[in-house]
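Colleague: Got a structure for you, questions after.
Number of protein chains: 2
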Amino acid sequence: MNSSADRPSDGTQLPSRQVASELRSAIASGDLPPGAKLPSERALAAKYGVARNTAREAIRLLTDEGLVTAHHGKGVFVREKRRLLRFGSERYSHSLRNETGLSPYRAEVAKQGRTARVDCTSIERVQPPEDVAERLGAAPAEPSVVRRENWYYADDDPVQVGVTYIPWEIAEGSVLATSAKMGKGSLYARFEELGHPITRIREEVSARMPTHEEATGLSIPDGVPVLDVLHTGIDHLGRPFEVTRFVMRADLTGLDYTMPVED
Amino acid sequence: MNSSADRPSDGTQLPSRQVASELRSAIASGDLPPGAKLPSERALAAKYGVARNTAREAIRLLTDEGLVTAHHGKGVFVREKRRLLRFGSERYSHSLRNETGLSPYRAEVAKQGRTARVDCTSIERVQPPEDVAERLGAAPAEPSVVRRENWYYADDDPVQVGVTYIPWEIAEGSVLATSAKMGKGSLYARFEELGHPITRIREEVSARMPTHEEATGLSIPDGVPVLDVLHTGIDHLGRPFEVTRFVMRADLTGLDYTMPVED
DNA sequence: GCCAGCAACTGGCTCAAGCCACTTCACTGG
DNA sequence: CCAGTGAAGTGGCTTGAGCCAGTTGCTGGC
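Residue numbers (our numbering), protein chains in the order written: chain Y, 365 to 627; chain L, 365 to 627.
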């Protein structure tokens, strides 16, 4: 994908790139608006005088750029630019928790006229992965944690997964360790009752291609990356009390943080 | 990439996925450690009794997952998991600006024993794109802005691009509008002198596959997404005074924010 | 009028073969 | 000793062929 790889040393583009370029500019110009169907692979091949495999390769390039998606048996379509669901620091806001009965996730999804669903698929007691243990703080005297796995849907499309790790000494005896239902005010209200009001958060954000498992689990189309957010909840005494790893489809979701510049 | 697409309806995996799986687990198990060279396409084809194209397709799957990278003429190698350069809110910290002479970017790169370089490639007066104008606030009486384009390198690898937009009324007459060199304390020190100390930031984060241009410009390997950060600087009076769009290679960089939960 | 089933379309995947371009290295001849 | 050349290996890309598997719509039988 270097410029040197685009051309076979004379000035001409490679056939597959050439076809891809044509389609790309047709999309950019609006000749192929979002939702439009591309010519079939066989039609493209005929039109540009290349093998079907070459037309196919051109489509693959566009797929990898996230411009189009293919549907087996139906055709290849220009991807709709859906507005992103944006999540940020207000996700944890105390007032927002009390005012609207809705969780921030539900609120954001509702804002786009879609219907939200959150499933807690498992609650177990486990040993935390290394990076999580690290962020939960030094003392691994009792290193076991409660692991809660949550799946988030919008209109039945899986949108993100969150895996929360809570030190056993905190979760022990509370609904955190046992129940999928969190009750009024949800997760962070429970932490507050247990003496851990969330006052600071740390969010380590990466982007990468999904693993095989994530791609199938979140039914992520080809050419769509994920946002990988390692979130740490910190209480009023500066103690980390919870770590969550979010894996989010990057074509449906984004982040929106606003914060003071501290000094 | 659905599970249904992995198998041709009897239980057997497709050949390409099969080969990919074998390689994937060899990588996971450490048989193929980071930096190791995979067998050549022709060797894989022979070993698994498939066509070279099929072996090639298997490697493509791994490339798309970001597990391996190919080097023309040399071979295919397991990608090194390089520690990410992490950027966060302290990027704008006043004290950090004064204590170390280094810019936050240089500091983070130096921390990994690499050498940083920042090039300001262009300074122009332009009309801002719509999303930028929106974030710079309502009054588009004098809608023109100074556009500064900065390229960031680590050991001569291009790592990210930042395009900063500054309202003309702010930049006018200052080095912001004219000079690539920012002087002591760099960009945000100049804003402070002009009556706009940076006190809040907003960061809208997305991830996506790079465009064709970005892929070539940042020499991004196949299968690596970018982080797209739309950053807004806000002064003590709540006025946005600068918007920067960062496009960052996601295999080399990440974000690390820590912020209070506000109420 | 309905619906089962077929035909014709779509993309998904594989094959076998060939040529090109980059890399490495050993072997030349100066 | 060195520079130059060329062979052998690598991935990059294309061809043209074939079969499979979803999708759609028509058509003929009931």
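Even glycine gets a Cβ: it sits at the ideal position worked out from N, Cα and C.
1) Among Y:ALA518, Y:PHE441 and Y:VAL442, which has the Cα closest to the Cα of LYS475 (chain Y)?
2) So the candidates are L:THR575, L:VAL593, L:SER583 and L:ILE598; which of them puts its Cα closest to the Cα of THR433 (chain L)?
3) DSSP three-state call for LYS438 (chain Y): helix, strand or coil?
4) Going by C-alpha distance, which of L:PRO468, L:ARG613 and L:ARG554 is nearest THR575 (chain L)?
5) At a threshold of 6 Å, does GLU568 (chain Y) count as lining the ligand GTP (C-beta to nearest heavy atom)?
6) For the structure I just gave you, are there three or more beta carbon pairs, one from the segment 392-407 of chain L and one from the segment 418-435 of chain L, closer than 8 Å?
7) Is the CB of ARG564 (chain L) under 7 Å away from at least one CB in chain Y?
8) At which residues does the alpha helix (DSSP H) containing TYR552 (chain Y) begin and terminate?
9) Confirm, please, whether the CB-CB distance from VAL473 (chain Y) to LEU616 (chain Y) is below 7 Å.
10) Could you work out which residues of chain L lie near ALA614 (chain Y), taking near to mean beta carbons separated by less than 8 Å?
11) Can you have a look at LEU591 (chain L) and say buried or exposed, based on whether 16 or more other CB atoms are within 10 angstroms of its CB?
12) Using CA coordinates, which residue listed in L:ILE562, L:GLU578 and L:ARG564 is at the minimum distance from VAL525 (chain L)?
13) So, at 6 Å on beta carbons, what are the nonlocal neighbours of SER380 (chain Y) in its own chain, with the 5 sequence-adjacent residues on each side left out?
14) Is THR622 (chain Y) close to chain L? Criterion is C-beta to C-beta, closer than 7 Å.
15) State the CB to CB distance for the pair ARG499 (chain L) and THR580 (chain L), rounded to an integer number of angstroms; the pair is presumed to be in contact (CB under 8 Å).
16) Would you say GLU472 (chain Y) reaches chain L, if we count a Cβ-Cβ gap shorter than 7 Å as a contact?
17) Only counting the same chain, and skipping five residues up and downstream in sequence, which positions put a Cβ closer than 8 Å to that of PRO372 (chain Y)?
18) Do VAL593 (chain L) and PHE610 (chain L) have their CB atoms nearer than 7 Å?
19) Hey, does VAL525 (chain L) have any beta-carbon neighbour from chain Y nearer than 7 Å?
20) For HIS560 (chain L), which residues of its own chain have a beta-carbon under 6 Å away from its beta-carbon, when the five flanking residues on both sides are left out?
21) Just to confirm the assignment, what range does the beta strand (DSSP E) spanning ILE584 (chain Y) have?
22) According to DSSP, is ARG381 (chain Y) part of a helix, a strand, or is it coil?
23) Applying a beta-carbon distance threshold of less than 9 Å, which residues of chain L neighbour ASP428 (chain Y)?
24) For HIS435 (chain L), go through chain Y and note every residue whose CB falls closer than 9 Å to its CB, in chain order.
25) Between the C-alpha atoms of VAL627 (chain Y) and LEU619 (chain L), what's the straight-line distance to the nearest angstrom?
26) Since HIS458 (chain L) meets chain Y, which of its residues come closer than 8 Å, beta carbon to beta carbon?
27) Output needed for ARG603 (chain L): all residues of its chain with C-beta closer than 8 Å, excluding positions within five of it in sequence on either side, in chain order.
28) I'd like to know whether the C-beta of VAL611 (chain L) is nearer than 7 Å to at least one C-beta of chain Y.
29) Less than 6 Å between C-beta atoms, sequence neighbours within five positions excluded: which residues of the same chain meet that for GLU567 (chain Y)?
30) Report the neighbours of GLY618 (chain Y) on chain L: residues whose CB is nearer than 9 Å to its CB, in chain order.
31) In terms of alpha-carbon separation, which member of Y:PRO585, Y:ILE562 and Y:MET623 lies closest to GLY430 (chain Y)?
32) Please list, in chain order, all residues of the same chain as PRO398 (chain Y) whose beta carbon is under 7 Å from its beta carbon, the five residues on each side excluded.
33) Please report the Cβ distance between MET623 (chain L) and SER453 (chain Y), rounded to the nearest whole angstrom; I am assuming they are in contact, meaning their Cβ atoms lie under 8 Å.
34) Could you work out which residues of chain L lie near ARG443 (chain Y), taking near to mean beta carbons separated by less than 8 Å?
35) If you drop the 5 nearest sequence neighbours on each side, which residues of the same chain put their C-beta closer than 6 Å to that of ALA400 (chain Y)?
36) Answer with yes or no whether the minimum CB distance from SER467 (chain L) to chain Y is below 7 Å.
Modeller: Per the coordinate set shown:
1) Among Y:ALA518, Y:PHE441 and Y:VAL442, the Cα nearest to that of LYS475 (chain Y) is on Y:ALA518.
2) Answer by Cα proximity: L:SER583.
3) Three-state result, LYS438 (chain Y): coil.
4) Ranking L:PRO468, L:ARG613 and L:ARG554 by CA distance to the CA of THR575 (chain L) puts L:ARG613 first.
5) This structure lacks the ligand GTP; in fact it carries no ligand of any kind.
6) Yes, they touch.
7) It does; some Cβ of chain Y falls within 7 Å.
8) That run of the alpha helix (DSSP H) goes 550-557.
9) Against a cut-off of 7 Å, the Cβ pair of VAL473 (chain Y) and LEU616 (chain Y) comes out as no contact.
10) In chain order: SER570, ALA571, ARG572 and PRO589.
11) Counting Cβ neighbours within 10 Å, LEU591 (chain L) comes out buried, since at least 16 surround it.
12) Distance check between VAL525 (chain L) and each of L:ILE562, L:GLU578 and L:ARG564 places L:GLU578 closest, using alpha-carbon atoms only.
13) Its chain contains THR418, GLU421 and ALA422 as the residues whose beta carbon lies nearer than 6 Å to that of SER380 (chain Y), once the 5 sequence neighbours on both sides are disregarded; these appear in chain order.
14) Chain L places a beta carbon closer than 7 Å to that of THR622 (chain Y), counting this residue as a contact.
15) Not confirmed; about 28 Å, so no contact.
16) With 7 Å as the cut-off, GLU472 (chain Y) does not count as an interface residue toward chain L.
17) Residue placement at PRO372 (chain Y) is poorly supported in this model, since its pLDDT is 45, which falls under 50; the coordinates still yield a value, given next. Result list for PRO372 (chain Y): LEU378, in chain order.
18) Yes, they are a contact pair.
19) Cβ-Cβ to chain Y under 7 Å: no for VAL525 (chain L).
20) The residues are ASP599 and PHE605.
21) Per DSSP, ILE584 (chain Y) lies in no beta strand (DSSP E) and is assigned neither H nor E.
22) The answer is helix: DSSP assigns ARG381 (chain Y) an H, G or I state.
23) Under the 9 Å cutoff, chain L gives ASP428, MET573, ASP586 and GLY587.
24) Correct list: empty, because the minimum Cβ distance to chain Y is about 11 Å.
25) The sequence given here has Asp at residue 627 (chain Y), not Val. Straight-line Cα distance between these residues: approximately 19 Å.
26) Below the 8 Å Cβ cutoff, chain Y contributes VAL625 and ASP627 as neighbours of HIS458 (chain L), in chain order.
27) Take ARG603 (chain L), set aside five residues on each side of it, and the residues of its chain with a beta-carbon closer than 8 Å to its own are GLY501 and HIS560, in chain order.
28) For VAL611 (chain L), not one C-beta of chain Y is nearer than 7 Å to its own C-beta.
29) VAL593 and HIS595, listed in sequence order.
30) Chain-ordered, the chain L residues with CB closer than 9 Å to the CB of GLY618 (chain Y) read GLU568, VAL569, SER570, ALA571 and ASP592.
31) Shortest Cα-Cα distance from GLY430 (chain Y) to any of Y:PRO585, Y:ILE562 and Y:MET623 involves Y:PRO585.
32) Same-chain partners within the cutoff: VAL442, ARG443, GLU444 and LYS445.
33) The pair is a contact, with the Cβ atoms about 6 Å apart (cut-off 8 Å).
34) In chain order: nothing, as chain L lies at least about 11 Å away.
35) For ALA400 (chain Y), where only same-chain residues beyond five positions count, the Cβ hits under 6 Å are VAL442.
36) By this cut-off, SER467 (chain L) is not an interface position.
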